[in-house]
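Asker:
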Ligand SMILES: C[S@@+](CC[C@H](N)C(=O)[O-])C[C@H]1O[C@@H](n2cnc3c(N)ncnc32)[C@H](O)[C@@H]1O
């Protein structure tokens with residue numbers, strides 16, 4: 311446990327999908343004046359260096375956000391993607407792309423004074439880095455950092471006093487029980503607060519638990535009579551390829567999805583053009599593509 315460090319993956323294709331959807335959902339919720347509580351069950355370190363050792367070693371950002379920031383010639387990005395890129399550029403005011411904001415910093419940047427942000431991070435080093443990064447914001451009581459298990463801690467914030475909340479569930483899935491715990495968490499959260507907006511990131515990899523998770527989330531939504539939207543982005547085949555010297559080469563993460571329970575009614579029409587633009591931009595082979603499915607209540 312705890313070998314996962316998001317710094318290796320910050321700004322990869324999964325973060326591009328996750329943070330584009332996160333911003334689109336959040337900005338819709340911020341149209342209403344009533345205070346919003348955002349809970350990030352698996353917050354990470356908050357800010358990442360794209361010119362540092364971690365990102366350099368993995369090269370994942372180079373095939374994700376950095377491709378988009380480089381602005382390869384082609385059609386201009388649709389509004390949801392343009393907004394995502396604008397938010398990322400906002401963390402690099404001098405130009406360039408040295409800093410990548412994680413979900414806590416993206417959310418905090420968009421929140422209003424009346425809103426609250428609860429961040430759970432269990433990794434001792436990342437929790438310390440997150441707390442130090444958040445302290446620099448001087449955001450006072452607006453942002454709380456908890457070094458606690460996000461699945462256990464997050465439900466205590468539900469429902470919030472204003473009865474408006476968005477919960478991002480973004481585990482690393484490094485242990486396979488994370489799949490079952492994610493589904494159980496959403497089930498419990500729905501029981502406590504059926505009108506919350508639940509946003510779950512999940513990897514699409516060839517293992518049964520990963521395959522089952524979106525199905526289980528759909529079942530939870532349907533049983534509760536709630537609408538849902540599921541966006542996926544594939545950048546390459548999941549097949550294990552052989553290197554020229556005959557070794558098996560693991561493909562890395564080929565695809566991921568965002569499952570949104572109680573999505574804003576405008577989300578599907580925002581995401582469809584965004585995904586259609588993104589898939590060819592981030593394609594690593596001919597298997598790249600996207601899906602967008604949903605159901606109304
Ligand atoms: C995918 S990363 C989060 C990325 C972040 N949400 C973002 O978008 O920038 C998952 C994080 O969850 C942390 N983690 C793992 N198990 C946890 C748990 N039970 N509760 C809270 N955090 C956990 C890991 O240390 C890691 O930093």
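Residue numbers (our numbering): 311 to 607.
Note that the Cβ used here is the ideal one computed from N, Cα and C, for glycine as well.
Could you tell me which residues DSSP pairs with residue 528 in its beta bridges?
Answerer: Counting from 1 along the chain shown, the entry for residue 528 is found at position 218. Beta-bridge pairing links residue 528 to no other residue.
Asker: Any idea which residues DSSP pairs residue 436 with across the strands?
Answerer: Reading the chain shown from its first residue, position 126 is the one you call residue 436. Looking at the DSSP assignment, residue 436 forms no beta bridge with any residue, so it has no partner.
Asker: Residues in the same chain with beta-carbon distance under 7 Å from residue 396, minus the five sequence neighbours each way, listed in chain order, please.
Answerer: Taking the first residue of the chain shown as position 1, residue 396 is located at position 86. Here the set comprises nothing.
Asker: Determine the burial state of residue 550: buried for a count of at least 16 other Cβ atoms within 10 Å of its Cβ, exposed for fewer.
Answerer: Within the chain shown, numbered from 1, the residue matching residue 550 stands at position 240. Residue 550 comes out exposed.
Asker: So is residue 521 buried or exposed if we call it buried at 16+ other beta carbons inside 10 Å?
Answerer: By one-based count along the chain shown, residue 521 stands at place 211. By the neighbour-count rule (16 or more Cβ atoms within 10 Å), residue 521 is not buried but exposed.
Asker: Decide if residue 492 is buried, meaning its Cβ has at least 16 other Cβ atoms within 10 Å, or exposed.
Answerer: Taking the chain shown and counting its residues from 1, the one referred to as residue 492 is at position 182. Flag for residue 492 reads buried.
Asker: Hey, out of 467, 433, 473, 428, whose CA is closest to residue 452's CA?
Answerer: Numbered from its first residue, the chain shown carries residue 452 at position 142. Residue 452 has its Cα closest to that of 428, out of 467, 433, 473, 428.
Asker: Report the residue from 335, 431, 464, 592 whose alpha carbon sits nearest the alpha carbon of residue 374.
Answerer: As a working note, residue 374 is residue 64 in the chain shown. Among 335, 431, 464, 592, the Cα nearest to that of residue 374 is on 592.
Asker: Can you find a heavy atom of ligand 1 that lies under 8 Å from the Cβ of residue 351?
Answerer: Walking along the chain shown from the start, residue 351 turns up at place 41. Within the cutoff, so yes.
Asker: Starting from the Cα of residue 338, find the closest Cα among 585, 474, 556 and give me that residue.
Answerer: Counting from 1 along the chain shown, the entry for residue 338 is found at position 28. Comparing Cα positions, the closest option is 474.
Asker: How big is the Cα-Cα spacing for residue 596 and residue 562?
Answerer: As a working mapping, residue 596 is identified with position 286 in the chain shown. As a working mapping, residue 562 is identified with position 252 in the chain shown. Going from the Cα of residue 596 to the Cα of residue 562 covers about 16 Å.
Asker: Cα separation between residue 372 and residue 527?
Answerer: One-based indexing of the chain shown puts residue 372 at position 62. One-based indexing of the chain shown puts residue 527 at position 217. About 32 Å.
Asker: Under 8 Å by Cβ, that's how I've got residue 419 and residue 400 pegged, so tell me the actual separation to the nearest angstrom.
Answerer: Taking the first residue of the chain shown as position 1, residue 419 is located at position 109. Taking the first residue of the chain shown as position 1, residue 400 is located at position 90. About 7 Å separates the two Cβ atoms, so the contact holds.
Asker: Would you mind listing the beta strand (DSSP E) stretches within the segment 546-594 that are 3+ residues and don't spill past its ends, in chain order?
Answerer: Listed in chain order, they are 565-571.
Asker: If you run the structure through DSSP and keep just helix, strand and coil, what is residue 454?
Answerer: The residue given as residue 454 occupies position 144 in the chain shown. Note: residue 454 maps to strand in three-state DSSP.
Asker: How far does the beta strand (DSSP E) with residue 603 in it reach, from first residue to last?
Answerer: The count along the chain shown starts at 1 and reaches residue 603 at position 293. Start and end: 599-605.
Asker: Span of the alpha helix (DSSP H) holding residue 389?
Answerer: Looking up residue 389 in the chain shown gives position 79. Unbroken alpha helix (DSSP H) run through residue 389: 389-400.
Asker: Between which residues of its own chain and residue 423 is the CB-CB distance below 8 Å, once the five residues before and five after are set aside?
Answerer: For this step, residue 423 is matched to residue 113 along the chain shown. Only 452 meet the Cβ criterion.
Asker: In angstroms, rounded to a whole number, what distance separates the CA positions of residue 402 and residue 535?
Answerer: For the purposes of this step, residue 402 is identified with residue 92 of the chain shown, where counting begins at 1. For the purposes of this step, residue 535 is identified with residue 225 of the chain shown, where counting begins at 1. When rounded, the distance between both Cα atoms is 42 Å.
Asker: Among 388, 370, 435, 565, whose alpha-carbon lies nearest the alpha-carbon of residue 410?
Answerer: Against the chain shown, residue 410 aligns to sequence position 100. It is 370 whose Cα lies nearest to the Cα of residue 410.
Asker: Output yes or no for whether 9 Å exceeds the beta carbon distance between residue 485 and residue 565.
Answerer: Against the chain shown, residue 485 aligns to sequence position 175. Against the chain shown, residue 565 aligns to sequence position 255. No, these two residues do not count as a Cβ contact at 9 Å.
Asker: Among the candidates 581, 585, 354, whose CA atom is the shortest distance from the CA of residue 460?
Answerer: Stepping through the chain shown from its first residue, residue 460 is reached at position 150. The candidate whose alpha carbon is nearest that of residue 460 is 354.
Asker: Taking 8 Å as the line, does the beta carbon of residue 433 fall inside it for any heavy atom of ligand 1?
Answerer: Taking the first residue of the chain shown as position 1, residue 433 is located at position 123. True, at least one ligand heavy atom lies under 8 Å from that Cβ.
Asker: Three-state secondary structure (DSSP) at residue 489?
Answerer: To locate residue 489, count along the chain shown from 1; it is residue 179. Here residue 489 sits in helix by DSSP.
Asker: State the start and end residues of the unbroken alpha helix (DSSP H) segment that holds residue 325.
Answerer: Translated into the one-based positions of the chain shown, residue 325 becomes position 15. Residues 323-339.
Asker: How is the beta strand (DSSP E) around residue 358 delimited, first residue to last?
Answerer: As a working mapping, residue 358 is identified with position 48 in the chain shown. Element bounds for residue 358: 357-359.
Asker: With respect to the alpha helix (DSSP H) encompassing residue 364, which residues constitute its N-terminal and C-terminal limits?
Answerer: Indexing the chain shown from 1 puts residue 364 at position 54. Start and end: 363-368.
Asker: Give the straight-line distance between the Cα atoms of residue 363 and residue 329, rounded to the nearest whole angstrom.
Answerer: Stepping through the chain shown from its first residue, residue 363 is reached at position 53. Stepping through the chain shown from its first residue, residue 329 is reached at position 19. In a straight line, the C-alpha of residue 363 is about 23 Å away from that of residue 329.
Asker: Is the beta carbon of residue 327 sitting closer than 9 Å to the one on residue 500?
Answerer: Taking the first residue of the chain shown as position 1, residue 327 is located at position 17. Taking the first residue of the chain shown as position 1, residue 500 is located at position 190. It is not a contact, given that the beta carbons lie outside the stated cut-off.
Asker: Shortest alpha-carbon distance to residue 581 belongs to which of 556, 603, 507, 519?
Answerer: Looking up residue 581 in the chain shown gives position 271. Selected option, being the one with the closest Cα: 603.
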